[in-house]
Amino acid sequence: MLRNRRPTTPSLASISLEEELTLLRVELMYGLRVSREAYLRRKMEEREEVVRRMHHRDAQAMLADLRRRLDKVKPQGDAPRVIDLRTRRHLRSVDGPGPA
1 MLRNRRPTTP SLASISLEEE LTLLRVELMY GLRVSREAYL RRKMEEREEV VRRMHHRDAQ
61 AMLADLRRRL DKVKPQGDAP RVIDLRTRRH LRSVDGPGPA
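Residue 1 is where the sequence shown starts when you use our numbering, and the numbers rise one by one after that.
Encoded structure:
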């Protein structure tokens, strides 16, 4: 059914199969109607914005911009927590299997 609606190879101006399935899931779960035209328009606007940001910029400038943006959205004072996966694996095997 979906193959007949959408091309098999996504292009810059089409919705991929994964995107179509995601949009259908949103419509079914939340009872919303997603406008495919508005979705494609937003997708192209975001793509153009990325191209505009990256055009004529070196890697160092892009990295500095990404770090600045990350610092804006990251809560201050929260140090990243390091998790030892081997310890977690050992605790899981001692406690028994978790819920399925």
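Every residue gets a Cβ at the ideal spot worked out from N, C-alpha and C, and that includes glycine.
query: Does the region 38-49 touch the region 12-19, meaning 3 or more C-beta pairs lie closer than 8 Å?
result: Taking a contact to require three or more Cβ pairs closer than 8 Å, the region 12-19 and the region 38-49 qualify as touching.
(message) Would E27 and R36 be called neighbours here (beta carbons separated by less than 8 Å)?
(response) E27 places its beta carbon 8 Å or farther from that of R36.
query: Can you tell me the Cα-Cα spacing of E48 and T87, whole angstroms?
result: Going from the Cα of E48 to the Cα of T87 covers about 45 Å.
If you follow the alpha helix (DSSP H) that V82 is part of, which residue opens it and which one closes it? Taken as a continuous stretch (DSSP letters only), V82 belongs to no alpha helix (DSSP H), as it is neither H nor E.
Checklist line | Reduced DSSP category for K74 - H, G, I as helix; E, B as strand; rest coil | finding: Coil at K74, not helix or strand.
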